[in-house]
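The block underneath contains the structure these notes are about, expressed in structure tokens.
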Amino acid sequence: MRSIPRVARAFAVTGALALGLAACGGGDDDTSTSGDGGGDLVTVGFVAVGPEGGWRQANEANVQDTFTEEAGFELKYAPATNLDQRSQIDAFTSFVDEGVDVILLSATEGAGWEDSLRRAQEAEIPVILVDRGIEPDDNSLYVTRIAPDNYEVSTSVAQWAVSQFPDGGNYFVLEGPAGVSVVNERNKGWDDTVSSVPGLVKVGAQTANWSTEEAKSVFETVLRANNNDIQLVFAQNDEMGLGAAIAVEEAGLTPGVDVKIATIDGTRPALEALGEGRLSFVAEYNPLFGETLLEVVNQVLDGEEVEPYIVVPSETFDSPEAATAALPSRQY
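Just so you know, the sequence shown maps onto residues -18 to -1, 1 to 314 in mature numbering (1 follows the signal peptide of the UniProt record, and there is no 0).
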């Protein structure tokens, strides 16, 4: 998708304003403009996910802290209502109708965005995907996606699991909501590595909607149904992994000993649990990429080309010592 350079946009806005003033009939010296220089700000519509857990809170707060008036932006933050895609599509449509300069999109669901993205394209409003992708992934409809690489992150978890269970074992996967791109990407990265190891047996997988309480409930049921014969849990986010740890403890087992739990996100509570031995492996999914996003927005509005997928670097933590070392500087 091509974006209209900010210079061209500025001329278009200035021309429209001049025509409007001329039509009013001239000469009135007390004509005033609304706002205090707000017309100089770049307007950014942020179609966001909203409350969903520690990672999401850190990510969206980082974006809001970056796109400030002091930095030259007016950020219009539109979180989804109860994670509902319809509310996101409505917000996206409103931003197109308003004629914002750029739209940032963190989609609650991957599918169903083609019509909205085409409307933005017709209006020459560039769209940048923040964290989550769209399905099917038609990158002609957006400028770029900025996110850690879910496939690589989940592959790192799977490689750790294979190294921990050379003789095999039974495992269960706690997934995020169905239809979300990151869930599909994390499943693929994990499956492509683990499925080739015959000794690792998948007992099942179920969504727990990123929730600690739901994960606890789901994994309690799984443990009972399998007579506690589960050695490994892959939780696709930290909150679900912490819920699994509670279920393990309440079953009279010891997390990290009887059941090893690996998670993705790298939030402070997860690193604290890793430091205590309740979690066994944490793969970071770095949420703090507001500065990268701002740089890309400026490049796009200046008419520069950017890569279609900009990967945010992330790291992994495989021991209590690694977690303890990382905690003092952990911002989320």
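Here a beta-carbon is modelled for each residue, glycine too, at the ideal position from N, C-alpha and C.
Residue j beta carbon less than 9 Å from that of residue i
{"i": "V26", "j": "I85", "result": "yes"}
{"i": "Q188", "j": "E157", "result": "yes"}
{"i": "G248", "j": "S296", "result": "yes"}
{"i": "T175", "j": "V282", "result": "no"}
{"i": "K198", "j": "A160", "result": "no"}
{"i": "S136", "j": "E167", "result": "yes"}
{"i": "E266", "j": "P302", "result": "no"}
{"i": "L253", "j": "V241", "result": "no"}
{"i": "L57", "j": "T63", "result": "no"}
{"i": "L123", "j": "E96", "result": "yes"}
{"i": "G35", "j": "N219", "result": "yes"}
{"i": "L65", "j": "T90", "result": "yes"}
{"i": "P269", "j": "A40", "result": "yes"}
{"i": "G238", "j": "L214", "result": "no"}
{"i": "R114", "j": "S88", "result": "yes"}
{"i": "I212", "j": "N152", "result": "yes"}
{"i": "V293", "j": "P130", "result": "yes"}
{"i": "W142", "j": "T298", "result": "yes"}
{"i": "F147", "j": "G181", "result": "yes"}
{"i": "A105", "j": "F74", "result": "no"}
{"i": "N132", "j": "S163", "result": "yes"}
{"i": "D83", "j": "I107", "result": "yes"}
{"i": "A291", "j": "R250", "result": "Checking the displayed sequence, the identity of residue 291 turns out to be Tyr instead of Ala. It is not a contact, given that the beta carbons lie outside the stated cut-off."}
CB-CB length for residue i against residue j, believed under 8 Å
{"i": "G54", "j": "V31", "result": "Contact doesn't hold; Cβ gap of about 25 Å is too wide."}
{"i": "E273", "j": "T48", "result": "6 Å"}
{"i": "A217", "j": "A244", "result": "7 Å"}
{"i": "V185", "j": "V165", "result": "Not confirmed; about 19 Å, so no contact."}
{"i": "F154", "j": "F201", "result": "7 Å"}
{"i": "I128", "j": "F28", "result": "Contact flag wrong, Cβ pair sits at about 13 Å."}
{"i": "V183", "j": "G150", "result": "7 Å"}
{"i": "V179", "j": "V144", "result": "5 Å"}
{"i": "V45", "j": "L275", "result": "7 Å"}
{"i": "A190", "j": "N210", "result": "With 8 Å as the limit, A190 and N210 do not qualify as a contact, their Cβ atoms being about 19 Å apart."}
Residue(s) in a DSSP beta bridge with residue i
{"i": "E266", "result": "D247"}
{"i": "T298", "result": "A265"}
{"i": "P237", "result": "V241"}
{"i": "L86", "result": "F28, I110"}
Bounding residues of the beta strand (DSSP E) (the contiguous stretch that carries residue i)
{"i": "N166", "result": "Counting along the chain, N166 falls outside any beta strand (DSSP E), though it belongs to the alpha helix (DSSP H) covering 163 to 176."}
{"i": "N152", "result": "151 to 157"}
{"i": "L182", "result": "182 to 189"}
{"i": "L214", "result": "214 to 217"}
{"i": "R260", "result": "Where R260 is concerned, there is no enclosing beta strand (DSSP E), given that its DSSP letter is neither H nor E."}
{"i": "I292", "result": "291 to 293"}
Range covered by the alpha helix (DSSP H) that runs through residue i
{"i": "Y133", "result": "132 to 146"}
{"i": "R127", "result": "Here R127 belongs to no alpha helix (DSSP H); instead the beta strand (DSSP E) covers 126 to 129."}
{"i": "G225", "result": "220 to 232"}
{"i": "A197", "result": "194 to 207"}
{"i": "E273", "result": "272 to 283"}
{"i": "S98", "result": "96 to 104"}
The ligand SAH heavy atom lying under 8 Å from the CB of residue i
{"i": "E96", "result": "By its list of ligands, the structure shown contains no ligand whatsoever, and the ligand SAH lies outside what it can speak to."}
- Pick out the complete beta strand (DSSP E) segments inside the segment 27 to 83, 3 residues or longer, and give them in chain order. 55 to 61
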